[in-house]
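Enquirer: Below is one structure. I have some questions about it.
2 protein chains.
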Amino acid sequence: MRWWGWGDPAAPPALPAHALGFLRENVGVAEQPRPPVALEHVSVAPSSLGESLLAKLRAIVGSDGVSDTHEQRVLHAAGKGYPDLVRLRAGEPEGAPDAVLYPADHEQVRALLELCESSSIAVVPFGGGTSVVGGVEPLRGEHGGVVSLDMARMGGLLKLDGESRTVTVQAGMRAPALERILAAEGLTLGHFPQSYEYVSLGGCAATRSAGQASTGYGAIEKMVLGMRLAAPRAEIMLPALPATAAGPSLRQLLVGSEGTLGVISELALRVRPAPAARIYEGLFFEDLAAGVQALEALSREHALPDVARLSDEHETRMSLALAGSGGVKGRLGRAYLGARGYGEGCLAIFGFEGGEEEVASRRSRALELARACGGLRVGRSPGQAWLHGRFAGPYLRDDLLTHGVMVETLETATQFSSLLSLREGVARAIAAALEARGTPGLVMCHVSHVYETGASLYFTLIARQNEDDLLGQWRKVKEAAVRAILDGGGTITHHHAVGRDHAPWMEREVGAGGLRALRALKAELDPAGIMNPGKLLGAAGLSRPPG
Amino acid sequence: MRWWGWGDPAAPPALPAHALGFLRENVGVAEQPRPPVALEHVSVAPSSLGESLLAKLRAIVGSDGVSDTHEQRVLHAAGKGYPDLVRLRAGEPEGAPDAVLYPADHEQVRALLELCESSSIAVVPFGGGTSVVGGVEPLRGEHGGVVSLDMARMGGLLKLDGESRTVTVQAGMRAPALERILAAEGLTLGHFPQSYEYVSLGGCAATRSAGQASTGYGAIEKMVLGMRLAAPRAEIMLPALPATAAGPSLRQLLVGSEGTLGVISELALRVRPAPAARIYEGLFFEDLAAGVQALEALSREHALPDVARLSDEHETRMSLALAGSGGVKGRLGRAYLGARGYGEGCLAIFGFEGGEEEVASRRSRALELARACGGLRVGRSPGQAWLHGRFAGPYLRDDLLTHGVMVETLETATQFSSLLSLREGVARAIAAALEARGTPGLVMCHVSHVYETGASLYFTLIARQNEDDLLGQWRKVKEAAVRAILDGGGTITHHHAVGRDHAPWMEREVGAGGLRALRALKAELDPAGIMNPGKLLGAAGLSRPPG
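Listed in order, the protein sequences are those of chains A and B.
For the first sequence, my numbering begins at 1 and goes up steadily by one.
For the second sequence, my numbering begins at 1001 and goes up steadily by one.
Here's what the structure looks like:
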């Protein structure tokens, strides 16, 4: 992974020339490209770990299990959020871990946590490192040092129970590695977040991740049947079970714990038969309300596709404008839709996966329901184009940053009855915040991840960067968006998690009592507060409430 | 509700004469019926609450909101588990609450908890009072007194959001009352535990209840979108949301908390369109393994009925023997099945609910898959008979007890790969324990509540009572069953909850670390340990671990 951005360091630029032209026209771009600094110019303070501690760490994980090279420290200095990339590209991360540790199994994790606790060293669990909310920032809190605990060596398959369609893995296993193993058995996990190419499964569980096909396959919380947690002062082992009524759900307590309670070391996950058929296609709706009405009807009738994604008018216009090959093609497509009265309409992608016969029957029913809400089929090419580009967003972002363009995404979920008003409120708040900075931008949204009672909203904003205050610009926009989300009845995050960026709003999300409950839990498992300080549990990231 | 058993006090005996004959022949019955003692002969110690505390309680809930009559105290002296009924019928409950409190809203609950905390009075939340695991026993722990907090006055509808198909209610609302309200709007919750006629919705949430149609509608944990908790030292308000990634799930922490963290005062629940069509029917499988194979296939193909219930050979034989009208009728049915080679087979009930067209297409697919595993359709009468008698079990139990017959049910869940061996291990352990007491009995089992990776097992055991040691007999059998469950990879409870009876096994279920985490939570919300002492959190029911 590129230390300053996304993907293979050797990957070519992903932004097509006509897209750059579109951006120049609509938001403005920098006059000169602004590439990241060279790796050797990234400024990082010397590691603060003494030789005696390093020796103890090496005694646990072996000498090749501890790294404090400049490159490794920079690679673990941040996640992949907009502020992370801004800082990294400028060569100025806020900090870097004093060392990167690579445990090989649960026992090594336990031993590392005990040593770090007794040495007052903060520990930041690191899976794919793809957090976009500051979840892997190497904050040390009140501790003397901070290490990144990279799960890369814990990628083993522990058990595959075909009859129960359950796989048990070490938590550092990457999603694509698991899919390769499962494919050989005719199975799939079906978890495809945009960060799929890099995420670890433990990271997905720790951040309560939802994949793009979660409407069909469910978010990770539905997939986790059992898990093992190594905490500084405890160990929790929950075997794979299909269901239990034995008290509060500890499984659902560890899912979403974001490394603040301990390290998820092992996971038992539900898998499914690999789909024999996959059909992805496009539909057009007259406006967003009509599209939402269709999603509500599909949800009511349990007829939702596995991927159901509905762009608002702005996102639709943008994707038609940017579509090179594939998609509802450029001017031609727009003319066709315009002639049928869908000129300013909304594009939806419906994706169906499963057995041949099952897909055929589910699809025919879904299309019938969509048609009743004015849904117009526009063929498979938009679906194929979306599938083809489903992991492309983070690559494009790097190019946009090079051209002086800010791009940020944020997401929420709410009940159906608030969905349209929430979209409008958040979009307006973002637009106003951008204008107030003198950088009016494009604000787009899509509905996806559809549930029985509501759905998620995913916003993308694009604007020219405030060159002299990149982070201030971002912060203003982010704050305006989150306030509008909370005021409009949404959750602060549907699938990006809390991390550092959303932590100040956790109290509004779950209330003072809810936050106290979570902090009490942390105080029991991690009384010294070494686990991922500054994330999840409130603005100050304290393990205990002040006072 | 009868203070000594189930249902309307005026209801006639439910046990048909031929069933009594069957029992006499197979397990033995008492020579003389043994009815419960009269209410006035139930022995209950005088209430220990002083006049000054009673005055303070009345100041919060009004003078009609506090009761310490003999009848009310006896009605709240126990739940409806086998040991409860044995004690009540003998007129010897272990204890009774010093008073029964009837708050009218969340604020009154909060005020009561504060007063009880400062007065060192234990509080036992009481919904329908139907716990079969000792969940509402009025244990006082180390406190000076104990009150039952009856939610009967908190039965109001707070909000019905039709577009989001979400209803918000006070937690004391009974399930049938909600269904009546929803029916008028063409909606249903779809939560039908065997105790349906009496349960409160808050009680269902607090005990992580699963209804008989949970394969289709989901257990209560899937229905709860938001909730409000009043705890002695905190208040938690979680709004209705379809999904969120904001940290560990506090919703799933409060679901299953069994009154040990606080009182669930309000609930937002997902509802569904009321089914236009309902088809319940019977299928026969050659043996249990074939039936399980069919359920696995249906689960794999997402083709499960809403109710999928598969009896083992023993339960099948018993229901054929006991079927009066309806069912696969007596000798005739057995002859028919015998002639087709299903003489010792297993009866399954499949129930489909939904839109006409949807039910037709799902049913045809499900029956096709079942047929491939040898499933033989035996018509709708077994399905109708089951539907008709679905809430009858507890009524029958009262009659059995009158005739000196012990009947107990217990349940678990496990992954498919362990399902058959777990059934065998548990059935054998129960049978051996009964034989060791000199009361060999009938042990039956059915598979129900089917998931993607496994299913629940529900055991019923019937034996002649050990007249001189009713509770000792029960305890031996229960212990043998739970040990076999844990040894065989099952959970200690699929839907009966933990209560007092399963509390000693919680540590084996979630581990010492898991139990410590839950106790830390309790210590934060209820530091004095007044909430439902002796339940859920370990054998001693301590709010903090010993030592």
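C-beta: ideal position from N, C-alpha, C; glycine also.
Can you tell me whether GLY1327/B is buried or exposed, with buried defined as 16 or more other CB within 10 angstroms of its CB?
Expert: Low per-residue confidence applies at GLY1327/B: pLDDT is 47, beneath 50, and the placement is therefore not dependable enough to give any value.
Enquirer: Which whole-angstrom value describes the C-beta separation of VAL1133/B and ALA1497/B, a residue pair presumed to lie in contact below a C-beta threshold of 8 angstroms?
Expert: 6 angstroms
Enquirer: Since I believe SER1200/B is in contact with MET1237/B (beta carbons under 8 angstroms), could you give me their beta-carbon distance rounded to a whole number of angstroms?
Expert: Between SER1200/B and MET1237/B the Cβ distance is about 20 angstroms, and since that is not below 8 angstroms, they are no contact.
Enquirer: Could you tell me whether the region 1481–1495 of chain B touches the region 1417–1425 of chain B, where touching means 3 or more Cβ pairs closer than 8 angstroms?
Expert: yes
Enquirer: Quick check: SER1249/B and LEU253/A, are their CB atoms within less than 8 angstroms of each other?
Expert: yes
Enquirer: What three-state label does DSSP hand ALA348/A in the structure shown?
Expert: Three-state DSSP puts ALA348/A in a strand.
Enquirer: Is PRO1527/B near LEU1139/B, with beta carbons less than 8 angstroms apart?
Expert: no
Enquirer: Keeping to the same chain, check which residues put their C-beta closer than 7 angstroms to that of LEU401/A; ignore five residues upstream and five downstream.
Expert: Hits under 7 angstroms: LEU85 and ARG89.
Enquirer: Could you spell out where the beta strand (DSSP E) holding GLN1170/B opens and where it closes?
Expert: 1166–1170
Enquirer: Could you work out which residues of chain B lie near TYR458/A, taking near to mean beta carbons separated by less than 9 angstroms?
Expert: The premise fails here: TYR458/A is roughly 13 angstroms from chain B at the closest Cβ pair, so nothing lies under 9 angstroms.
Enquirer: Let me know the secondary structure DSSP gives CYS1373/B once reduced to three states.
Expert: coil
Enquirer: Tell me the start and end of each unbroken alpha helix (DSSP H) in the region 101–164 of chain A that is at least 4 residues and wholly inside, in chain order.
Expert: Fully enclosed alpha helix (DSSP H) runs of 4 or longer: 106–119.
Enquirer: At a CB distance below 7 angstroms, what residues from the region 139–171 of chain A approach chain B? Give them in sequence order.
Expert: ASP161, GLU163, SER164, ARG165 and THR166
Enquirer: Which residues in the same chain have their Cβ closer than 6 angstroms to the Cβ of GLY291/A, if we skip the five residues on either side of it in sequence?
Expert: PHE285, LEU310, CYS346 and ALA348
Enquirer: Here's the rule: buried if 16 or more other CB atoms are within 10 angstroms of the residue's CB, otherwise exposed. What is SER1325/B?
Expert: In this prediction, SER1325/B scores a pLDDT of 43, lower than 50, which makes its location untrustworthy; no coordinate-derived value is stated.
Enquirer: Kindly list, in the order they appear in chain B, the residues whose Cβ is closer than 9 angstroms to that of VAL224/A.
Expert: Ordered by position in chain B, no residue passes the 9 angstroms Cβ test against VAL224/A, which lies about 11 angstroms from the chain.
Enquirer: Run through chain B and tell me which residues come within less than 9 angstroms of LEU496/A, C-beta to C-beta.
Expert: Position check: residue 496/A holds His in this sequence, whereas Leu was assumed. Within 9 angstroms Cβ-Cβ: ALA1245.
Enquirer: Would GLY145/A pass as a contact of SER48/A if the rule is Cβ separation under 8 angstroms?
Expert: yes
Enquirer: I need the DSSP call for HIS446/A, collapsed to helix, strand or coil.
Expert: strand
Enquirer: For ALA1385/B and ALA1122/B, what's the separation of their Cα atoms in angstroms?
Expert: 44 angstroms
Enquirer: Answer yes or no: does any C-beta atom of chain A fall closer than 8 angstroms to that of GLY1326/B?
Expert: Confidence at GLY1326/B is low in this model, with a pLDDT of 44, below 50, so its placement is unreliable and the value that follows should be read with caution. Not closer than 8 angstroms to any Cβ of chain A, the Cβ of GLY1326/B fails to qualify, so no.
Enquirer: What separation, rounded to the nearest whole angstrom, lies between the Cα atoms of GLY1393/B and GLY1155/B?
Expert: Looking at the two C-alpha atoms, the distance is approximately 26 angstroms.
Enquirer: Mind pulling the chain A residues with CB within less than 7 angstroms of PHE1416/B?
Expert: Within chain A, the residues near PHE1416/B are GLU163 and SER164.
Enquirer: Looking at chain A, is there any beta carbon in it that lies within less than 8 angstroms of the beta carbon of PRO1242/B?
Expert: yes
Enquirer: Within a Cβ cutoff of 6 angstroms, which residues of the same chain sit near ASP1501/B, ignoring the five residues on either side of it in sequence?
Expert: VAL1133 and GLY1134
Enquirer: Do you know how far the Cα of LEU54/A is from the Cα of SER120/A?
Expert: 14 angstroms
Enquirer: What span of residues does the beta strand (DSSP E) with LEU267/A cover, start to end?
Expert: Judged by DSSP secondary structure, LEU267/A falls within the beta strand (DSSP E) whose first and last residues are 263–270.
Enquirer: From the DSSP output, in three-state form, read off GLY529/A for me.
Expert: coil
Enquirer: Excluding the 5 residues preceding and the 5 following PHE391/A in the sequence, name in chain order all residues of the same chain whose CB lies nearer than 7 angstroms to its CB.
Expert: GLN194, TYR196 and GLU197.
Enquirer: From GLU1094/B, ARG1034/B, SER1052/B and MET1001/B, pick the residue whose C-alpha is nearest to that of VAL1042/B; which is it?
Expert: For VAL1042/B, the closest C-alpha among the options GLU1094/B, ARG1034/B, SER1052/B and MET1001/B is that of GLU1094/B.
Enquirer: Is it buried or exposed, ALA1206/B, if we count other Cβ atoms within 10 angstroms and call 16 or more buried?
Expert: In summary, ALA1206/B is buried, with 16 or more beta-carbon neighbours lying within 10 Å of its beta-carbon over all protein chains present.
Enquirer: What is the DSSP secondary structure of ILE1492/B, counted as helix, strand or coil?
Expert: Assigned with DSSP and collapsed to three states, ILE1492/B falls in coil, not helix or strand.
Enquirer: Looking only at its chain, what residues have a beta carbon closer than 7 angstroms to the beta carbon of PRO9/A, apart from the 5 residues adjacent to it on each side?
Expert: ARG2
Enquirer: Note the first and the last residue of the continuous beta strand (DSSP E) segment covering GLN1032/B.
Expert: Neither: GLN1032/B is in no beta strand (DSSP E) and is coded neither H nor E.
Enquirer: Distance check for GLU353/A and SER1214/B, CA to CA, integer angstroms please.
Expert: 25 angstroms
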